[in-house]
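Participant: Sending over a structure as structure tokens; questions will come in a sec.
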Amino acid sequence: MTKLKWGMIGGGEGSQIGPAHRLGALADGRFEFAAGALDHRAEVGREYGQRLGIAADRAYGDWQEMLEGEKNRDDRIDLVTVATPNSTHFEITKAFLEAGFNVLCEKPMTMTVEEGEEIVRVAEKSGKICAVNYCYSAYPMVRQARAMVRAGELGKVRLVVTNFSHGHHGDATDADNPRVRWRYDPAMAGVSGQFADCGIHAMHMAGFIADDEVETLSADFASTIPSRELEDDAMVNFRMTGGTVGRLWTSSVAIGRQHGFDIQVFGETGGLRWASEQPNQLIYTPVGGRTQIIEKGEGGLHEDAQRLSRVSIAHPEGFPLAVANIYCDLADAISGEIRDGLPNAADGVRSMAAVHTAVASAKENGAWMDARPSIFK
Ligand code: NAI
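Everything in the sequence shown is counted per UniProt numbering, starting at 1 for the first residue and increasing by one.
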């Protein structure tokens, strides 16, 4: 099979998410790393790209040069990943979609709802794939949870409770560290701090597993370190279109919690629990029955979970392989086999609408508000 050609913008040396994309994209031999504009410093990006094996003429200095260089090549890239800071996602994603490239954009997809709606329209018009990297949804046991809900194994879902709360910005003496400070500065981060950074992963996951969409929400935001303009802690209650009740807590000052992402789904006939720090197990309790541990790689899993389990039972799989599952689904989609779990631009704009609605609700003492983007009302 000919490998698909992959390029990345951002994700340079020392970046947080770059390595997970490289490991993920290259894990299954479906893509080759053909082009990149990896760093905000042109020469540093060119040099690093070549060190990673990209040909010198495709190790670009910036994304505009990459777009120009790639668009007229016969062997142009089949997919570009946008792994730059948030404020650049919109213009890069839009430009590559308009030029006919498939895009995997990091979250949050855009800064505003209007930009998000524009990306949905541009993606539709181009006929190209615009995926968004809600990679936690690609863990095999998260796919198992979604499949169990879809198969009716929990009955109707009544309640989803999710947390994405860590303690890594809880040290007030480190609050002025530039790597921390920008996340709570509206000029750099936008309208929301912790909710836009981590809360949207939890909210996407709630909709993903419950197979439902957020309709209304009420938010309480707090800046527990007073110098912070944006929130470092948020509690968001929500209701989904199908009637599911949602509770979400996200925090960056929960000292002692590490990654801190977990979700519980409670249906009429059973409950599920999944946690990102034990991603290979799904805890299931049928009503009136014993609690069971469902293991990644065991027999009898739903097809989607089985397909994305890479190594045999009890061998841990983790974050880079969840990202690899996104790339697997993308490779299938580019080859014409659309995978319905793949997070897309509609998910991206729903998140942006939830962020802006949560900010507005928190300002109004938690007033309940419609959280849907206008294109989906
Ligand atoms: P980072 O600050 O660690 O790295 C950013 C990289 O992008 C650096 O290599 C920088 O040189 C490069 N860069 C900046 N501007 C650029 C430009 N205009 N052109 C080319 N390269 C440029 O940032 P991090 O944490 O890796 O985050 C990047 C994105 O990934 C963010 O949108 C963030 O929200 C997202 N992210 C997603 C995660 C997930 O679980 N899906 C986890 C961590 C980050």
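We treat Cβ as the ideally placed atom computed from N, Cα and C, and that holds for glycine.
N177 to G170, Cα distance in whole Å?
Facilitator: Walking along the sequence shown from the start, residue 177 turns up at place 177. Walking along the sequence shown from the start, residue 170 turns up at place 170. So the two alpha carbons sit approximately 12 angstroms from each other.
Participant: Within the present structure, is the beta-carbon of P178 separated from the nearest heavy atom of the ligand NAI by less than 8 angstroms?
Facilitator: Taking the first residue of the sequence shown as position 1, residue 178 is located at position 178. Result no, Cβ not under 8 angstroms from the ligand NAI.
Participant: Sorry if obvious, but does the Cβ on D197 come closer than 8 angstroms to a heavy atom of the ligand NAI?
Facilitator: For the purposes of this step, residue 197 is taken as the residue at position 197 of the sequence shown. Checking the Cβ of D197 against the ligand NAI gives yes.
Participant: Enumerate, from N- to C-terminal direction, the unbroken beta strand (DSSP E) stretches of 3 or more residues contained entirely within the segment 302–353.
Facilitator: none
Participant: When you compare each of L342, V355 and Y184 to N133 by their alpha carbons, which one comes out closest?
Facilitator: Here residue 133 refers to the residue found at position 133 when the sequence shown is read from its first residue. The candidate whose alpha carbon is nearest that of N133 is L342.
Participant: For the ligand NAI, is there any heavy atom lying closer than 8 angstroms to the beta carbon of residue 391?
Facilitator: With the chain covering only 1 through 377, there is no way to say anything about residue 391.
Participant: Report the option in G24, R51 and I129 whose CA atom is closest to the CA atom of residue 422.
Facilitator: With the chain covering only 1 through 377, there is no way to say anything about residue 422.
Participant: Do A34 and Y327 have their C-beta atoms closer together than 9 angstroms?
Facilitator: Sequence index remark: in the sequence shown, residue 34 carries index 34 (1-based). Sequence index remark: in the sequence shown, residue 327 carries index 327 (1-based). Taking 9 angstroms as the Cβ cut-off, A34 and Y327 do not qualify as a contacting pair.
Participant: Let's test the definition: count the other Cβ atoms within 10 Å of the Cβ of I54 and tell me whether it reaches 16, buried, or not, exposed.
Facilitator: As a working note, residue 54 is residue 54 in the sequence shown. The residue in question, I54, is buried, as its Cβ has 16 or more Cβ neighbours within 10 Å.
Participant: Less than 8 angstroms separating the Cβ of C130 from some heavy atom of the ligand NAI?
Facilitator: Locating residue 130 in the sequence shown gives position 130, where the first residue counts as 1. Outside the cutoff, so no.
Participant: Indicate whether K156 and G243 have their beta-carbon atoms separated by less than 9 angstroms.
Facilitator: If you number the sequence shown from 1, residue 156 lands on position 156. If you number the sequence shown from 1, residue 243 lands on position 243. Yes, they are a contact pair.
Participant: Return helix, strand or coil for V191, following the three-state DSSP convention.
Facilitator: One-based indexing of the sequence shown puts residue 191 at position 191. V191 falls in the coil class under three-state DSSP.
Participant: For P186, count neighbouring Cβ atoms within 10 angstroms of its own Cβ and tell me buried if that reaches 16, exposed if not.
Facilitator: Taking the sequence shown and counting its residues from 1, one reaches residue 186 at position 186. Exposed, since its Cβ has fewer than 16 Cβ neighbours within 10 Å.
Participant: Roughly how many whole angstroms lie between the Cα atoms of R183 and Y139?
Facilitator: Along the sequence shown, one-based indexing puts residue 183 at 183. Along the sequence shown, one-based indexing puts residue 139 at 139. Approximately 27 angstroms between the Cα atoms of the pair.
Participant: Mapping DSSP to helix, strand and coil, what is D174?
Facilitator: Position 174 of the sequence shown, counting from 1, holds the residue named residue 174. Helix at D174.
Participant: Is it buried or exposed for K296, if we count other Cβ within 10 angstroms and need 16 for buried?
Facilitator: One-based indexing of the sequence shown puts residue 296 at position 296. Counting Cβ neighbours within 10 Å, K296 comes out buried, since at least 16 surround it.
Participant: So the candidates are R350, A360, S137 and F376; which of them puts its Cα closest to the Cα of L321?
Facilitator: Within the sequence shown, the letter at position 321 stands for residue 321. For the residues R350, A360, S137 and F376, the minimum Cα distance to L321 belongs to S137.
Participant: Any chance you could list the alpha helix (DSSP H) runs of at least 4 consecutive residues sitting entirely within the segment 51–109, in chain order?
Facilitator: Within the segment 51–109, the runs of alpha helix (DSSP H) at least 4 residues long that lie entirely inside it are, in chain order, 63–71 and 89–98.
Participant: Using the Cα positions of E124 and K107, report the straight-line distance between them to the nearest angstrom.
Facilitator: Taking the first residue of the sequence shown as 1, we reach residue 124 at position 124. Taking the first residue of the sequence shown as 1, we reach residue 107 at position 107. Roughly 19 angstroms separates the two Cα atoms.
Participant: Any contact between the segment 67–79 and the segment 97–105? By contact I mean 3 or more CB pairs, one from each, below 8 angstroms.
Facilitator: yes
Participant: When you compare only the Cα positions, how much space is there between G260 and C135?
Facilitator: Residue mapping note: residue 260 aligns to position 260 of the sequence shown, counting from 1. Residue mapping note: residue 135 aligns to position 135 of the sequence shown, counting from 1. Roughly 15 angstroms between the two C-alpha positions.
Participant: Do N325 and L301 come within 9 angstroms of each other at the CB atom, strictly closer than that value?
Facilitator: Position 301 of the sequence shown, counting from 1, holds the residue named residue 301. Position 325 of the sequence shown, counting from 1, holds the residue named residue 325. Contact flag unset, no.
Participant: Alpha carbon to alpha carbon, what distance is there between H21 and R58?
Facilitator: Along the sequence shown, read from residue 1 onward, the residue named residue 58 stands at position 58. Along the sequence shown, read from residue 1 onward, the residue named residue 21 stands at position 21. In a straight line, the C-alpha of R58 is about 18 angstroms away from that of H21.
Participant: Under 8 angstroms from any heavy atom of the ligand NAI, does the C-beta of H40 make it?
Facilitator: As a position in the sequence shown, residue 40 is number 40, starting the count at 1. Correct: H40 has its Cβ closer than 8 angstroms to the ligand NAI.
Participant: Can you find the residues in the same chain that come closer than 7 angstroms, C-beta to C-beta, to K331, ignoring five residues on each side of it along the sequence?
Facilitator: Mapped onto the sequence shown, residue 331 falls at position 331. Note that residue 331 corresponds to Ala in the displayed sequence, not to Lys. These residues qualify, in order along the chain: L4, R30 and F31.
Participant: Determine the burial state of I263: buried for a count of at least 16 other Cβ atoms within 10 Å of its Cβ, exposed for fewer.
Facilitator: Residue mapping note: residue 263 aligns to position 263 of the sequence shown, counting from 1. Buried is the call here.
Participant: Compute every distance between the C-beta of P85 and the non-hydrogen atoms of the ligand NAI, then say whether any falls below 8 angstroms.
Facilitator: Along the sequence shown, read from residue 1 onward, the residue named residue 85 stands at position 85. Under cutoff, so the answer is yes.
Participant: Taking its Cβ as the centre, do 16 or more other Cβ atoms sit within 10 Å of P226, making it buried, or is it exposed?
Facilitator: In the sequence shown, residue 226 corresponds to position 226, counting from 1. Looking at its Cβ environment, which holds fewer than 16 other Cβ atoms inside 10 Å, P226 is exposed.
Participant: What I want to know is whether the C-beta of K94 ends up closer than 8 angstroms to one or more non-hydrogen atoms of the ligand NAI.
Facilitator: Taking the first residue of the sequence shown as 1, we reach residue 94 at position 94. Every heavy atom of the ligand NAI is 8 angstroms or more from the Cβ of K94, so no.
Participant: Expressed to the nearest angstrom, what Euclidean distance is found between the alpha-carbon atoms of M166 and E277?
Facilitator: Walking along the sequence shown from the start, residue 166 turns up at place 166. Walking along the sequence shown from the start, residue 277 turns up at place 277. It should be noted that the sequence gives His, not Met, for residue 166. Cα-Cα distance, rounded: 12 angstroms.
Participant: Leaving out the 5 sequence neighbours to the left and right, which residues in its chain are closer than 7 angstroms to R310 when beta-carbon positions are compared?
Facilitator: Along the sequence shown, read from residue 1 onward, the residue named residue 310 stands at position 310. Correct list, in chain order: E317 and L321.
Participant: Provide the residue span of the beta strand (DSSP E) that contains M235, from first to last.
Facilitator: Within the sequence shown, residue 235 is the residue found at index 235, counting from 1. Going by DSSP, M235 is part of the beta strand (DSSP E) stretching over D233 to M240.
Participant: I think V323 touches V113, with their Cβ atoms under 8 angstroms apart; what is that distance to the nearest whole Å?
Facilitator: Residue numbering aside, residue 323 sits at position 323 when the sequence shown is read from its first letter. Residue numbering aside, residue 113 sits at position 113 when the sequence shown is read from its first letter. Here V323 is actually not in contact with V113; their C-beta atoms are around 26 angstroms apart, not less than 8 angstroms.
Participant: Is L230 helix, strand or coil by DSSP?
Facilitator: The residue you call residue 230 lines up with position 230 of the sequence shown. It is coil, neither helix nor strand.
Participant: Rounded C-beta distance between V149 and D211? I'm assuming under 8 angstroms.
Facilitator: Along the sequence shown, one-based indexing puts residue 149 at 149. Along the sequence shown, one-based indexing puts residue 211 at 211. That belief holds up - the Cβ atoms of V149 and D211 are roughly 6 angstroms apart, short of 8 angstroms.
Participant: Is W274 close to the ligand NAI? I mean its beta-carbon at under 8 angstroms from any heavy atom of the ligand.
Facilitator: The residue given as residue 274 occupies position 274 in the sequence shown. Checking every heavy atom of the ligand NAI against the Cβ of W274, none is found closer than 8 angstroms.
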